[in-house]
Amino acid sequence: QNKPTRRSFKLPTRGIVYTEMTAIGFGRPPSPGCALNQMLIVNVLEIANVVNATGHKMLDLFVRVTVGDKEQQTSVAKKQQRPAWHEILCFEGTELEEARIQLIELYSGYEYVIGTYSLTTTTLFAEFAN
Numbered sequence: 001q002n003k004p005t006r007r008s009f010k011l012p013t014r015g016i017v018y019t020e021m022t023a024i025g026f027g028r029p030p031s032p033g034c035a036l037n038q039m040l041i042v043n044v045l046e047i048a049n050v051v052n053a054t055g056h057k058m059l060d061l062f063v064r065v066t067v068g069d070k071e072q073q074t075s076v077a078k079k080q081q082r083p084a085w086h087e088i089l090c091f092e093g094t095e096l097e098e099a100r101i102q103l104i105e106l107y108s109g110y111e112y113v114i115g116t117y118s119l120t121t122t123t124l125f126a127e128f129a130n
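Given below as structure tokens:
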């Protein structure tokens, strides 16, 4: 249990974000008198098959992950077509209901969302409840 699970998220017509995710506390009832926080650890590995938003060949890219009301992002990979981050983002709380992964291009100080993948953590971690 609590082993990382490799997952890929296909952004419609825009690319694929590869991650490893570890869920802690999903599907287990808390001990009496103890509030159990859930934790989601996301290791953003790399992206592939990117179709950029601005039409430029070399891209400044980052991945933003939002879980519940908490948001984190990777560092910006400058002038890359297939960046690899291997950066870990941790989310902890009692209300981690929804997750969103966005691939974003940074150009001239503006953020262009290349693609978004949204899902519920219940769906994402159904196998951890068993």
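Numbering follows this note's numbering, with no gaps: position 104 of the sequence shown is 104.
Virtual Cβ for every residue (Gly too), placed ideally from N, Cα, C.
- Per DSSP, which residues does residue 8 bridge with? Please list them. Its beta-bridge partners are 18.
- Query: So who's on the other strand from residue 70, going by DSSP bridges?
  - Reply: In the DSSP output, where bridge partners are listed per residue, residue 70 has 67.
- Message: Assuming residue 118 is part of the beta strand (DSSP E), what are its boundary residues?
- Response: Annotation: the continuous beta strand (DSSP E) that includes residue 118 extends over 110-120.
- Alpha-carbon to alpha-carbon, residue 14 and residue 78: Going from the Cα of residue 78 to the Cα of residue 14 covers about 18 Å.
- Message: Whole angstroms are fine: how far does the CA of residue 76 sit from the CA of residue 60?
- Response: C-alpha separation (whole angstroms): 6 Å.
- Query: Just checking, does the segment 61-69 make contact with the segment 81-98 on the three C-beta pairs under 8 Å criterion?
  - Reply: These segments touch.
- Please name the residue, chosen from 116, 121 and 65, that lies closest to residue 43 on a Cα-to-Cα basis. Residue 65 holds the alpha-carbon nearest to the alpha-carbon of residue 43 among 116, 121 and 65.
- Start and end residues, beta strand (DSSP E) containing residue 42: That run of the beta strand (DSSP E) goes 38-48.
- Query: How many Å lie between residue 114 and residue 51 at the Cα?
  - Reply: About 7 Å.
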